[in-house]
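Protein chains in written order, with this note's numbering: chain E, 1 to 258; chain G, 259 to 513.
This is the structure we're talking about:
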């Protein structure tokens, strides 16, 4: 990974005009397990793959509720994600305290990206090693936002991050034009299929390792129970959306990331 | 303050020397006790009642243009019905300086929101909540803004009307009057709304005019020139100065 002497500090540019520390942080996002976010015209959906750090450990929670109409899922360093979700919850609460309404997703992302951006500009900090997908609903409809360690954020039709997300990205790119016409059940199915495409052959989606979160016009942000996840998994049972080529190599299991 | 020399204290014992019963300020030093703060305990330049109620398609707020200095009609062109944004109008009674200060805070808030340029606009319920926080915070520091604020607007297609006082006490109602208006105008408005719950804008204006007239005759801190603010789906209108039509030829019959 060591490229040259210009990657020692986030405040040092390389002569090619790159900030290697920031790029390494973006690499850290890929160590986490895959996450998918997508939306139709009324609902935004997050679908995430949960990992257990060992056979003896429980599966880590991957989707976190932030406010009544906001939820996030993350990929990368769990500890960084915990810090950032606590920050997001605080921001939501103080906005709700003064304005009596849920903060619009875009304003929240503005605050989040500012916080993440500061860490790329100071010599005494490191960039956050976490990528986030935020699902929100406000007066402008459902939203999926991607927040990146570099301090930028994107308003997305659909997005995926994390380990082996390339095949999920391919699936989403192939299908996203049909998403606005989908109902909630179909959009969740698309999310599950995209997530399934990231799995190696010997692994399958179960209600243990999948987490689903939904927010919409007439439903506050909700994380599905094991039973609800199971029922939705039944809908795509027997389908296989993994790419034909099977060149996946085993990932190194790093306990600090998920 | 205590122990300072003024026209009523005993003269100094010698020229530039100490005075009896006072702390002595040695020449070249200034150790007067000036590290004090004063909390507001009474309003100074005050505006009287605010009259507000909802009608069929919107909200109407009225207030006269007088800022009194005690019982002196000191400033006679002080508007206190303001447009906040396309969704909100606001009226204020009580200390005029405090109103101007809070108005600046609100205006700045709107500017900051415009700078975000994200298409979201402050809604009346949000401003009402925010004002409640501001007012309650100041009363908790024993330094209240001496005002009654009335916030009106349209939210989710329905008229909204709420008020906050100097203690941060807040409530919503379809008719709100502050100060003397609460005693003189509010019964008239409630009566009219009860008889005609779906009042039109014209009827609302006529009722408000009537209230301003009654208040002008009976409230000694009122003034015949006033403004009204109306908010409907068509937007915000601040009208005025309007004038109460006065009739005093009956006055000599009252003893």
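Cβ coordinates follow ideal geometry from the N, Cα and C atoms, glycine included. No experiment lies behind these values; they were computed from the predicted model shown.
(request) Counting only the same chain and skipping the five closest in sequence on each side, list residues whose C-beta sits under 6 Å from that of residue 420 (chain G). (result) 386, 409, 430
(message) So residue 486 (chain G) and residue 339 (chain G) are supposed to be a Cβ contact under 8 Å. How far apart are they, rounded?
(response) 7 Å
(request) Can you grab the Cα-Cα spacing for the pair residue 253 (chain E) / residue 124 (chain E), in whole Å? (result) Reliability of the predicted coordinates at residue 253 (chain E) is poor, the pLDDT of 49 falling under 50, and the value obtained from them is presented with this limitation in mind. For residue 253 (chain E) and residue 124 (chain E), the distance between alpha carbons rounds to 29 Å.
(request) Give me the Cα-Cα distance between residue 324 (chain G) and residue 497 (chain G), rounded to the nearest whole angstrom. (result) 16 Å
(request) Can you give me the start and stop residues for the alpha helix (DSSP H) that residue 315 (chain G) sits inside? (result) Note, residue 315 (chain G): premise wrong, no alpha helix (DSSP H); not H, not E.
(request) Note down the Cα distance separating residue 190 (chain E) from residue 78 (chain E), rounded to an integer number of angstroms. (result) 26 Å
(message) My parser needs the alpha helix (DSSP H) runs of 4 or more residues fully inside the region 379-464 of chain G; what are they?
(response) 382-398, 439-442, 444-453
(message) Considering just the uninterrupted stretch of the beta strand (DSSP E) at residue 73 (chain E), what are its terminal residues?
(response) 70-76
(message) Only counting the same chain, and skipping five residues up and downstream in sequence, which positions put a Cβ closer than 6 Å to that of residue 250 (chain E)?
(response) Bear in mind that the predicted position of residue 250 (chain E) carries a pLDDT of just 47, short of 50, making it too unreliable to give a figure here.
(message) Any beta carbon from chain G within less than 9 Å of residue 113 (chain E)'s own beta carbon?
(response) no
(message) Counting only beta-carbon separations shorter than 9 Å, does residue 380 (chain G) have a partner in chain E?
(response) yes
(request) Indicate whether at least one CB of chain G lies closer than 9 Å to the CB of residue 252 (chain E). (result) Summary for residue 252 (chain E): the model assigns pLDDT 49, below 50, so the residue's position carries little reliability, and this model does not support an answer.
(request) Consult DSSP for residue 214 (chain E) and reduce its assignment to one of helix, strand or coil. (result) strand
(message) Taking only three categories from DSSP, how would you classify residue 34 (chain E)?
(response) coil
(request) Tell me whether residue 226 (chain E) is buried or exposed, calling it buried when 16 or more other Cβ atoms sit within 10 Å of its Cβ. (result) exposed
(message) Residues of chain E with CB closer than 8 Å to the CB of residue 377 (chain G), please, in chain order.
(response) 140
(request) Check each candidate in G:298, G:274, G:294 and name the one with the smallest Cα separation from residue 398 (chain G). (result) G:298
(request) Report the partner residues of residue 492 (chain G) according to the DSSP bridge assignment. (result) DSSP lists no partner for residue 492 (chain G).
(request) Starting from residue 169 (chain E), trace the alpha helix (DSSP H) both ways and give me its first and last residue. (result) 165-175
(message) Considering Cα atoms alone, identify which of G:470, G:492, G:491, G:503 is closest to residue 322 (chain G).
(response) G:470
(request) Indicate, with yes or no, if the ligand SAH has a heavy atom lying under 8 Å from the CB of residue 402 (chain G). (result) Among the components modelled here there is no ligand, and therefore nothing to report on the ligand SAH.
(request) Could you check which residue in G:468, G:318, G:381 has the C-alpha nearest to that of residue 98 (chain E)? (result) G:381
(message) I'd like to know if residue 398 (chain G) contacts chain E, where contact means its C-beta is closer than 9 Å to some C-beta of that chain.
(response) no
(request) Identify whether residue 271 (chain E) lies in helix, strand or coil by the three-state DSSP scheme. (result) Any question about residue 271 (chain E) goes unanswered here, given that chain E covers just 1 to 258.
(request) Could you say which of E:70, E:65, E:115, E:49 lies nearest to residue 151 (chain E) if we only look at CA atoms? (result) E:115
(request) Run down chain G in chain order and give the residues with a C-beta less than 8 Å from the C-beta of residue 101 (chain E). (result) 381, 383, 384
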